[in-house]
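For the record, in the sequence shown the residue sitting at position 180 is 180 according to the UniProt record's numbering, with numbers rising by one throughout.
For glycine and all other residues, C-beta sits at the position ideal for the given N, C-alpha and C.
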Amino acid sequence: MPCAICTDRFDSVLDIARTKCGHVFHSDCVSKWVAHSRTCPECRGSVFLSDLLDLLINFASNADAVRLKRHMSEVKREFDAKNEAVIYAKDKIKELQLHLIFKNLDISKTQEHIKGLELEYALVRAKVGLRSLPSLVSEVQRLKQENRRLTEELNSIQTMKSSQKDEVPPMKKRRVESDEEVEGKSTSSVNPSKLSTSSVQSSPAAKNVIQPADSCNHHGGKCACQPSTISEK
C-alpha cells in the first residue's frame, strides 16, 4: 500500500502515522502536510499535529527491496532537482532573450539618433558652405589672376634669356672689329712721316701747290695758272 502523499509504499524503514479520521501516511509526509494546510490529504478533514498517531507495523524483512526503494527515492530526488535546475535555466534563458531584445531596440534607437545627428551636421555644414561660397569664389579668382601674372612674368623672363643668347655672336663680332680698328690706329701713330707723305701725295690741292711753275704740263714752262690755283686754295 503506498502513501497518498509521496506515493511510496510503506515499509519498515520509514515511520507511519495515522490521522484521527483513520487515514495512514508516512509520518514525515503527513507532518509536513498538516503543518502547512492542517487538513487530511484524503478527506480534507481538520487535522492538527497533536492528532497524529504513530503506527507500529511489522513488515517482512527484505534488505534488497529496501535498498532498491531507497536508491529509487534518491534518484527521484536528484531527477527532481535536475528538472528544477533545467526549468530555472529555461526561465533564465527567456529572461536573457527578452533583455537582448530590449538591448537591440535600444541599439536601433541609438543608431537612428546617430543618423539624425549626422544628417543635421551635414545640413549645418552645407549652410556654412553656402555662406562662405562667395568668399571662396573671390579667393579662386584672385589665385587665378596671380597665376596668370606669374605665368606672364615667367614667359617674359624666358624670352629675355633667349634673346640674350641670340645677341652673343654679333657682340663678339663687333668686339673683334673694334679690336682690329684699335690695332690699325696704333700702327698709323707709330709711322707719322709715312702717313704725312702719303696724305700729301694723295691730296690734289697739295699737288697743285708743290708743283713748280716751269713744270706745268698744260702750258709748257711758266704759266699763269699757278697763281690762280694758289688763290683758289
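| Check | Outcome |
| --- | --- |
| Residue(s) in a DSSP beta bridge with I16 | H26 and L55 |
| For S46: DSSP bridge partner residues | T39 |
| Sequence-distant residues of its chain with Cβ nearer than 6 Å to Q201 (five each side left out) | Note on Q201: pLDDT 48, under 50, position unreliable in the model; the coordinate value appears next. Answer for Q201: no residue qualifies. |
| Nonlocal neighbours in the same chain, by C-beta distance under 7 Å from P212, ignoring five residues either side | Since pLDDT at P212 reaches only 47, below the 50 mark, its modelled position is unreliable, and the value read off the structure follows with that caveat. Cβ neighbours of P212 beyond the five flanking positions: none. |
| Whole-angstrom distance between Q97 and S46, CA atom to CA atom | 47 Å |
| Buried or exposed by the 16-neighbour rule on C-beta atoms within 10 Å, applied to V34 | buried |
| E112 versus V140: straight-line alpha-carbon distance, rounded | 39 Å |
| Per-residue burial, D87 [other beta carbons within 10 Å of its own, 16 or more giving buried] | The amino acid occupying residue 87 in the given sequence is Ile; Asp does not appear at that position. Exposed, since its Cβ has fewer than 16 Cβ neighbours within 10 Å. |
| Integer-rounded CB distance, given that S73 should sit under 8 Å from D28 | The pair is not a contact, with the Cβ atoms about 12 Å apart (cut-off 8 Å). |
| Proximity below 7 Å, CB of C3 to CB of H23 | no |
| Distance between beta carbons of L53 and A81, contact taken as under 8 Å | Their Cβ separation, rounded to whole angstroms, is 33 Å, which puts A81 and L53 out of contact at 8 Å. |
| Spatial distance of V124 from S162 (CA atoms) | 55 Å |
| Exposed unless 16 or more other CB atoms sit within 10 angstroms - verdict on T19 | buried |
| C21, buried or exposed, once every other Cβ within 10 Å from all chains shown has been counted against 16 | exposed |
| Whole-angstrom distance between K90 and L49, CA atom to CA atom | 39 Å |
| Beta bridge counterpart(s) of R9 as assigned by DSSP | P2 |
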